[in-house]
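Data block below; observations after.
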Amino acid sequence: MRTPSPLLALLSLLSAAAPAFAATAAPVSANCGGSATPIADIQGASSPSPLAGQNVSIEAVVTADFGGADGFGGFFVQQADPQRRNQPGVSEGCSSTRRKRARKRATSCT
């Protein structure tokens with residue numbers, strides 16, 4: 030049996046303190062690994078986004094889910110480390126408000 034990683038232990042601890050976090054990783058979506066726009070390209074270095082008004086697809090890690098009755102009806106995502114652009118002043122994460130009630134779990138790929 031494998032010893033849990035420190036990250037999994039931390040997620041377990043957070044799960045006990047905040048129900049919005051999941052203690053285990055959700056299955057990876059069948060679409061993960063396909064064509065996606067990096068979050069840094071969407072955010073850009075200034076406002077508005079250089080991709081404002083366009084439909085884009087992202088592949089990112091869900092870091093928090095606030096879709097419950099007391100949440101804001103959305104979730105936060107962050108670019109996975111291997112896909113980061115590492116551009117100064119450019120965010121590698123974003124939030125999204127759900128139109129549909131599809132539930133994302135923390136650490137799932139979306």
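Basically our numbering = 1-based index in the sequence shown + 29.
Heads up, the beta-carbon is just placed ideally off N, CA and C, and yes, glycines get one too.
Of the listed residues the options, nearest to residue i (C-alpha basis)
| i | options | result |
| --- | --- | --- |
| T92 | G118, D110 and A65 | D110 |
| Q108 | Q83, S76, E88 and G73 | E88 |
| S75 | S124, Q116, S125 and T126 | Q116 |
| S124 | D94, C61 and S86 | D94 |
Bridge partner(s) assigned by DSSP for residue i
| i | result |
| --- | --- |
| D94 | F104 |
| G62 | The partner list for G62 (beta bridge, DSSP) is empty, contrary to what the question assumes. |
Element boundaries [alpha helix (DSSP H), containing residue i]
| i | result |
| --- | --- |
| A69 | I68 to Q72 |
Residue i, enclosing beta strand (DSSP E) - first and last residue
| i | result |
| --- | --- |
| S125 | G122 to T126 |
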